[in-house]
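So for the sequence shown, this note's numbering puts the first residue at 54; every next one is plus one.
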Amino acid sequence: EIPCRLSARDERAHTHTRTQHTAGAMRVILNTLVVVGVVAAAALAANGGSVDVVKSAAAPQSADELGALLREALRKQGAAMVAANGEHSLHARSLRALRDGPFQCAPPADDESSIECCVTVAKLNVPACARADYIEEEHALQVQVTALGVTLFEKKFDKLETYYCTKEAKGLLGLKVCANVTQESFSATGACGCLDATFSLGFGKFPVKIGCYAFGKECFSTNCGGYSDSCKMCSILRSCGYCATTEQCVQGQAAGPIGSFCQASDWSFDKGSCS
Numbered sequence: 054e055i056p057c058r059l060s061a062r063d064e065r066a067h068t069h070t071r072t073q074h075t076a077g078a079m080r081v082i083l084n085t086l087v088v089v090g091v092v093a094a095a096a097l098a099a100n101g102g103s104v105d106v107v108k109s110a111a112a113p114q115s116a117d118e119l120g121a122l123l124r125e126a127l128r129k130q131g132a133a134m135v136a137a138n139g140e141h142s143l144h145a146r147s148l149r150a151l152r153d154g155p156f157q158c159a160p161p162a163d164d165e166s167s168i169e170c171c172v173t174v175a176k177l178n179v180p181a182c183a184r185a186d187y188i189e190e191e192h193a194l195q196v197q198v199t200a201l202g203v204t205l206f207e208k209k210f211d212k213l214e215t216y217y218c219t220k221e222a223k224g225l226l227g228l229k230v231c232a233n234v235t236q237e238s239f240s241a242t243g244a245c246g247c248l249d250a251t252f253s254l255g256f257g258k259f260p261v262k263i264g265c266y267a268f269g270k271e272c273f274s275t276n277c278g279g280y281s282d283s284c285k286m287c288s289i290l291r292s293c294g295y296c297a298t299t300e301q302c303v304q305g306q307a308a309g310p311i312g313s314f315c316q317a318s319d320w321s322f323d324k325g326s327c328s
């Protein structure tokens with residue numbers, strides 16, 4: 054048989070067709086590689102810079118397991134922050150709170166312009182501490198919240214802004230913290246309110262009341278019981294007084310408490326009357 058020979062014109066057309074098929078195949082391969090690269094990059098970012106091809110452990114199934122993982126992540130970051138800020142910093146106190154047990158609120162500073170409180174986030178068993186500083190000229194509170202030595206956020210709260218949420222912290226298992234100053238009052242004479250927070254992690258939300266704060270000459274609040282940790286702060290509240298006998302902040306007036314009993318010598322109503 055005599056092989057069929059293409060004309061020069063037909064051979065050029067055939068070569069062009071093969072070139073188009075080859076280019077089309079290369080485009081498919083390149084597009085596939087781009088998609089794979091985008092997916093890998095997204096996975097890398099979602100995992101804080103590392104992709105686990107094989108998961109070595111099952112996802113946490115309980116709050117206890119979530120808490121254990123979060124405490125481990127916090128400790129790794131917290132140790133560096135304590136080293137940078139010192140053993141007397143709020144970072145160090147929030148780290149020691151797991152060992153020594155958290156206190157509710159420490160006595161306010163000598164100048165009565167700041168106070169620190171520590172509590173444990175239930176179920177997660179993570180100590181959370183907050184420091185509130187009174188900014189008198191702005192009628193505001195500057196709040197710093199830490200957990201096991203790690204600063205979760207710093208935020209200024211005032212009458213126009215009482216709620217704040219962090220972004221998800223990739224290095225802390227995607228932890229998100231929302232804080233809200235409730236029963237608040239900000240005025241030229243003082244600032245007061247209670248700091249509530251919600252830790253959102255994995256499948257759950259874990260609320261906690263960190264503490265109540267009162268600063269200035271006078272502040273209005275009907276939530277007297279939230280200030281029982283401090284006679285000084287209780288006495289700042291316009292309608293509350295502190296009974297040393299029961300160590301409680303209760304509703305009252307200069308003559309004594311309303312609806313309860315307290316010895317006159319143990320009753321503190323006006324600011325400066327606390328011993």
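Just so it is clear, CB atoms sit at the ideal spot from N, CA and C, and this is done for glycine as well.
Within its own chain, the residues whose Cβ lies closer than 6 angstroms to the Cβ of S166, once the five positions on either side in sequence are excluded, are Y187, listed in chain order. When the Cα atoms are used, T251 and P180 turn out to be separated by approximately 13 angstroms.
Counting C-beta pairs with one atom in each stretch, the region 187–202 and the region 282–298 have fewer than three that are closer than 8 angstroms, which means they do not touch. Note on Y216: under 16 other CB atoms within 10 angstroms of its CB, so exposed under the neighbour-count rule. Shown here for Q301: same chain residues with a beta carbon closer than 6 angstroms to its own, the five before and five after excluded, namely S281 in chain order. In this chain, the beta strand (DSSP E) harbouring G269 covers G257 to G269. In this structure, DSSP gives K229 an extended state, which the three-state scheme calls strand.
Scanning the region 280–312 for uninterrupted beta strand (DSSP E) segments of 3 residues or longer gives 293–296 and 301–306, listed from N- to C-terminal end. By the Cβ-count criterion, G246 is buried, with 16 or more other Cβ atoms from all chains shown falling within 10 Å of its own Cβ.
When secondary structure is reduced to three states using DSSP, A244 falls in the strand class. Within the model, the alpha-carbon separation for Y266 versus V234 is close to 10 angstroms. Sixteen is the threshold: since fewer than 16 other Cβ atoms of the shown chains lie within 10 Å of the Cβ of I311, the residue is exposed. Annotation for K209: I188, E191, A193, L194, Q195 and V196 place their beta carbon closer than 8 angstroms to its own, counting only its chain and skipping 5 residues before and after. Taken atom to atom, the span from the alpha-carbon of E221 to that of E214 is near 21 angstroms. Short of 6 angstroms from the beta carbon of C287, and not among the five residues preceding or following it, lie these beta carbons of its own chain, in chain order: Y280, C293, Y295 and C302.
The Cβ-Cβ distance between C327 and C284 falls below 8 angstroms. The straight-line gap separating the alpha-carbon atoms of G278 and A121 is approximately 33 angstroms.
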